[in-house]
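**Q** Protein chains in written order, with my numbering: chain A, 1 to 455; chain B, 1001 to 1455.
For each residue, glycine too, the CB sits at the ideal point set by N, CA and C.
These figures come from a predicted structure and were not determined experimentally.
My structure is below; once you've seen it, I'll send some questions.
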């Protein structure tokens, strides 16, 4: 499904506003290198859709097809899927809505039966489908000007909701970190989160798994596979429907009954899921897990060019159950030698408002050798006179040369954003606020403890 | 101080990298319409600095001066301030650092003594000073390309930390909401947060007060003035140094001893301060308080074009102690008449992924009349096929015609950001995540309860 050599787009329409047309167009635009077959039951013999010969049924194609993308009205899906089975297509993504999520449980049961009969791995229905920037698979019926596609990377994102999925995907692209697989599984009628976790466990490109879950049907199996996965790679989860009313809303949406907040909380902790409370945390956590090694302790060094922000960062460290590192005597002595008198030699290390590239460099050269430090929060406020691109470059240099987690906090408008993008595109995770930075580091440390059974 | 007709910049240097030079340049660039006097003790007779005649001392100017901005080395500040007193200057901003924050308590006491002797309202030392986009006062020594200046508006921002102050100011500019006064008061040697709150209570341009506080010296007076202010206008506070280590860091930074987290929490609640936990909350809360009427109840209506985001918003509403409104029978009947069958008539109202301007318009026309609703969260995901600028325009229209709080949630990259800016610049508060939206509405409601003594 994720790396097909040939794809049939069933419901490929001549109308450029129709889902099937957009999907076909996206495959072409992305430069998909496999075979593409538009299928439209109303196609005239020899008719072409976006320059490709159209077929009235997959049975007419007479060639091996790896993946069927189905975007036809719900009542027609069973017959189309039946034809896929007869054509020996082994994977199908059913984009079409109009099944259990609107009460049409029978129709959904019917397509599951067909999928089982022909042994078709069926994703959906009622989903956005899949995207893989490496294999160029892209069933998303949203044009790229509305929904930016991320670059190739190590984060795989599994989502029950298409809406949440598309916004997160768009944000992943905006934040500049890379994607391995995007999988929107909708009603989870056949392939569900358990199957997807199992698949991603073995997928070599996937370093971090991010999940949006509304409801879980196979709880026991989820626990089993989750335990296996979290031993190997981190899984960051946002669970929707954690309040009674939220669960009701989820039920009317993907027809899944959501569970109790506290129960999920305890459960997730038990098998090492990293739980995000909202979309911003989901992004913040995905960013750090995709770019950082795990810290081997909880001792944080803070380097700053703004005193107040250093105070906020110190609060944030302790409020997230981390602590400030105690600089070694050697570190203190060396810092005292090179730092100007206005700099107090302590952690947080306030380099003062006139700190420039040299002062950051001097400080980081010294403290990066200190064995008493497990991770670094470097605050660089680009509003100050001394902070410019050379500071950003130096931070990128140290990030590449320090094996411990190092993250940057910077907050501001255009000038700051330019430097933020510069650092992030070089693999340095950047956060807007000290609290976001510290909570991300805390999750990283918690996961290290989980993996090492210290908890 | 905030609306001077004449300003002396003491320490105005010929060197464009010096603080005094940058301040003078900013006054000129901002189009300050009053008289400007550069003062530099090394000025040659008749010498000009940035085209303005320079004086060696304020005593040479022989004209009435409303404000002295002092940016000279700390040891010289006493003599300069003494001259200001003799020249009958009644307000002074001491930008210079090198006082209590580096242990130089005596020097600081000395300038306070001089300020008292001559009855000079002295801000600082060790501060960024003041900015008022209306009167064009701007003592910030940070160039505008690094630190964007906000437009004129109703938010006044009082900050002990220059670093935090400058980043927040930059963010206020980025988020597009307007500023009344910016006041960075540094060491609070003479003018402190109590005086500033009293001033802003009576300032007609100020609708919302935002404060960054590290330590408080006059606790009793702060409580008294706070009680008066919060009856009239909201005060949003971020308190730094709320952990033991954070308090220590704060002490070494502005020489103020910070208090205990829980004590401040209880205290702030008691006199109606809105407390922000981090910089993002500070911005989120300032945004809603500056653009919204207070809600008269806790019943929220959610309208969405993404099911999952609606579920997350429902959770967020209840996790923030608000609740979903129950639509009136009339609302339900009218909605059923105009909505397509795929739309479930319930709250959250999921308009479905193909919702366009007309569907949003139909829904909002009906529910905006419903007396069972106190406030609105409208989710508009611009990744979807039907959502475009016409939807954003319609939301702006409803915002102007609904007297209850209405906020928008939209999440995504470039296409989304364009529409976010479009809506925000029209006074519609926009949030990135359902959680941020709900927590902002919850603070608005809490403040209404506080003002109405329901709490």
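Between which residues of its own chain and residue 1394 of chain B is the CB-CB distance below 8 Å, once the five residues before and five after are set aside?
**A** On the second chain, residue 1394 of chain B is found 394 positions in, with the first residue counted as 1. These residues qualify, in order along the chain: 1357, 1360, 1361, 1364.
**Q** Helix, strand or coil: which one does DSSP assign to residue 1316 of chain B?
**A** Indexing the second chain from 1 puts residue 1316 of chain B at position 316. Residue state, collapsed to three classes: helix.
**Q** Tell me where the alpha helix (DSSP H) around residue 262 of chain A begins and ends.
**A** Taking the first chain and counting its residues from 1, the one referred to as residue 262 of chain A is at position 262. Counting along the chain, the alpha helix (DSSP H) containing residue 262 of chain A begins and ends at 261 to 270.
**Q** Can you tell me whether DSSP reads residue 1010 of chain B as helix, strand or coil?
**A** Taking the first residue of the second chain as position 1, residue 1010 of chain B is located at position 10. DSSP places residue 1010 of chain B in strand when its eight states are reduced to three.
**Q** Let me know if residue 119 of chain A comes out buried or exposed under the rule of 16 or more other beta-carbons within 10 Å of its beta-carbon.
**A** Taking the first residue of the first chain as position 1, residue 119 of chain A is located at position 119. Flag for residue 119 of chain A reads exposed.
**Q** Just reading off the beta strand (DSSP E) that residue 1035 of chain B is part of, what are its end residues?
**A** For this step, residue 1035 of chain B is matched to residue 35 along the second chain. Segment 1035 to 1039, the beta strand (DSSP E) holding residue 1035 of chain B.
**Q** Within this structure, are the beta carbons of residue 114 of chain A and residue 69 of chain A separated by less than 9 Å?
**A** Locating residue 114 of chain A in the first chain gives position 114, where the first residue counts as 1. Locating residue 69 of chain A in the first chain gives position 69, where the first residue counts as 1. Cβ distance not < 9 Å, so residue 114 of chain A and residue 69 of chain A don't count as in contact.
**Q** In this structure, does DSSP put residue 182 of chain A in helix, strand or coil?
**A** For this step, residue 182 of chain A is matched to residue 182 along the first chain. Residue 182 of chain A: strand per DSSP, three-state reduction.
**Q** Is residue 335 of chain A close to chain B? Criterion is C-beta to C-beta, closer than 9 Å.
**A** In the first chain, residue 335 of chain A corresponds to position 335, counting from 1. So no, residue 335 of chain A is outside the interface.
**Q** Just by C-beta distance, which residues in the segment 404 to 438 of chain A are closer than 9 Å to chain B?
**A** Answer set for the segment 404 to 438 of chain A: 410, 411, 412, 413, 414, 415, 416, 417, 432, 433, 434, 435, 436.
**Q** Find the residues of chain B that neighbour residue 287 of chain A, judging by a C-beta separation of less than 7 Å, and give them in chain order.
**A** Translated into the one-based positions of the first chain, residue 287 of chain A becomes position 287. Residues of chain B passing the Cβ test: none, with the nearest at roughly 15 Å.
**Q** Using the Cα positions of residue 1199 of chain B and residue 1182 of chain B, report the straight-line distance between them to the nearest angstrom.
**A** Taking the first residue of the second chain as 1, we reach residue 1199 of chain B at position 199. Taking the first residue of the second chain as 1, we reach residue 1182 of chain B at position 182. Going from the Cα of residue 1199 of chain B to the Cα of residue 1182 of chain B covers about 13 Å.
**Q** How about residue 187 of chain A and residue 126 of chain A: do their beta carbons lie closer than 9 Å?
**A** Along the first chain, one-based indexing puts residue 187 of chain A at 187. Along the first chain, one-based indexing puts residue 126 of chain A at 126. The answer is yes: Cβ separation under 9 Å.
**Q** Taking the CB atoms as reference points, tell me whether residue 1413 of chain B and residue 147 of chain A lie closer together than 9 Å.
**A** In the second chain, the residue the question calls residue 1413 of chain B occupies position 413. In the first chain, the residue the question calls residue 147 of chain A occupies position 147. Yes, the Cβ-Cβ distance between residue 1413 of chain B and residue 147 of chain A is below 9 Å.
**Q** Pull up the CB-CB distance for residue 1286 of chain B and residue 1155 of chain B, whole angstroms please, since I reckon it's below 8 Å.
**A** For the purposes of this step, residue 1286 of chain B is identified with residue 286 of the second chain, where counting begins at 1. For the purposes of this step, residue 1155 of chain B is identified with residue 155 of the second chain, where counting begins at 1. With 8 Å as the limit, residue 1286 of chain B and residue 1155 of chain B qualify as a contact, their Cβ atoms being about 6 Å apart.
**Q** Classify residue 414 of chain A as helix, strand or coil using the three-state DSSP reduction.
**A** Locating residue 414 of chain A in the first chain gives position 414, where the first residue counts as 1. Looking at residue 414 of chain A - three-state DSSP - the assignment turns out to be helix.
**Q** Within 8 Å, do at least three Cβ pairs link the segment 1378 to 1388 of chain B to the segment 1301 to 1315 of chain B?
**A** Segments in contact, yes.
**Q** Going by DSSP, which residues form a beta bridge with residue 157 of chain A?
**A** Within the first chain, the letter at position 157 stands for residue 157 of chain A. Partner(s): A/182, A/210.
**Q** In angstroms, rounded to a whole number, what distance separates the CA positions of residue 229 of chain A and residue 389 of chain A?
**A** Here residue 229 of chain A refers to the residue found at position 229 when the first chain is read from its first residue. Here residue 389 of chain A refers to the residue found at position 389 when the first chain is read from its first residue. Each residue's Cα considered, the two are about 40 Å apart.
**Q** Please report the distance separating the alpha-carbon of residue 1276 of chain B from that of residue 1405 of chain B.
**A** Numbered from 1 along the second chain, position 276 holds the residue referred to as residue 1276 of chain B. Numbered from 1 along the second chain, position 405 holds the residue referred to as residue 1405 of chain B. Whole-angstrom Cα-Cα distance: 20 Å.
**Q** With DSSP run on the structure shown, which of helix, strand or coil describes residue 240 of chain A?
**A** Within the first chain, residue 240 of chain A is the residue found at index 240, counting from 1. DSSP places residue 240 of chain A in coil when its eight states are reduced to three.
**Q** Interface residues of chain B around residue 146 of chain A at Cβ under 7 Å?
**A** Position 146 of the first chain, counting from 1, holds the residue named residue 146 of chain A. In chain order: 1382, 1383, 1415.
**Q** State the Cα-Cα distance for the pair residue 270 of chain A and residue 1419 of chain B, rounded to the nearest angstrom.
**A** By one-based count along the first chain, residue 270 of chain A stands at place 270. By one-based count along the second chain, residue 1419 of chain B stands at place 419. Approximately 41 Å between the Cα atoms of the pair.
**Q** Tell me, please, which residues DSSP counts as bridged to residue 275 of chain A.
**A** Taking the first chain and counting its residues from 1, one reaches residue 275 of chain A at position 275. For residue 275 of chain A, which the question treats as bridged, DSSP gives the partners A/237.
**Q** Pairing CB atoms from the segment 1194 to 1213 of chain B with CB atoms from the segment 1320 to 1331 of chain B, are three or more of them under 8 Å?
**A** No: fewer than three Cβ pairs fall under 8 Å.
**Q** Taking the DSSP output, what are the residues bridged to residue 1129 of chain B?
**A** For the purposes of this step, residue 1129 of chain B is identified with residue 129 of the second chain, where counting begins at 1. DSSP, once it has assigned bridges, lists B/1184 as partnering residue 1129 of chain B.
**Q** In chain A, what lies closer than 7 Å to residue 1348 of chain B by C-beta?
**A** On the second chain, position 348 is the one that residue 1348 of chain B refers to. Within 7 Å Cβ-Cβ: 249.
**Q** For a contact defined as C-beta to C-beta under 7 Å, what are the partners of residue 212 of chain A on chain B?
**A** As a working note, residue 212 of chain A is residue 212 in the first chain. Simply 1308.
**Q** From B/1349, B/1402, B/1350, pick the residue whose C-alpha is nearest to that of residue 1374 of chain B; which is it?
**A** As a working note, residue 1374 of chain B is residue 374 in the second chain. For the residues B/1349, B/1402, B/1350, the minimum Cα distance to residue 1374 of chain B belongs to B/1402.
**Q** Residues in the same chain with beta-carbon distance under 6 Å from residue 256 of chain A, minus the five sequence neighbours each way, listed in chain order, please.
**A** Within the first chain, the letter at position 256 stands for residue 256 of chain A. Residue placement at residue 256 of chain A cannot be trusted, given a pLDDT of 49 that sits under 50; what the coordinates show is reported in the next sentence. Closer than 6 Å at Cβ, skipping near neighbours: 214, 215.
**Q** Please report the residue range of the alpha helix (DSSP H) in which residue 1435 of chain B lies.
**A** Against the second chain, residue 1435 of chain B aligns to sequence position 435. Where residue 1435 of chain B is concerned, the enclosing alpha helix (DSSP H) stretches over 1434 to 1451.
**Q** In whole angstroms, what separates the C-alpha of residue 1258 of chain B from that of residue 99 of chain A?
**A** Translated into the one-based positions of the second chain, residue 1258 of chain B becomes position 258. Translated into the one-based positions of the first chain, residue 99 of chain A becomes position 99. In this predicted model, residue 1258 of chain B has a pLDDT of only 49, less than 50, meaning its place in the structure is not dependable enough to derive any value.
**Q** Take residue 1458 of chain B as the anchor and find which of B/1293, B/1006, B/1077, B/1354 has the nearest alpha-carbon.
**A** With chain B covering 1001 to 1455 only, the question about residue 1458 of chain B has no answer from this structure.
**Q** For residue 194 of chain A, which residues of its own chain have a beta-carbon under 6 Å away from its beta-carbon, when the five flanking residues on both sides are left out?
**A** One-based indexing of the first chain puts residue 194 of chain A at position 194. Within the same chain, residue 194 of chain A has close Cβ partners 218, 221, 222, 225.
**Q** Among B/1439, B/1424, B/1446, B/1376, which one has its Cα closest to the Cα of residue 1172 of chain B?
**A** Walking along the second chain from the start, residue 1172 of chain B turns up at place 172. The residue with the shortest Cα to Cα distance from residue 1172 of chain B is B/1424.
**Q** Could you give the residue range of the beta strand (DSSP E) that holds residue 1384 of chain B?
**A** For the purposes of this step, residue 1384 of chain B is taken as residue 384 along the second chain, with counting starting at 1. First-last for residue 1384 of chain B: undefined, no H or E at that position.
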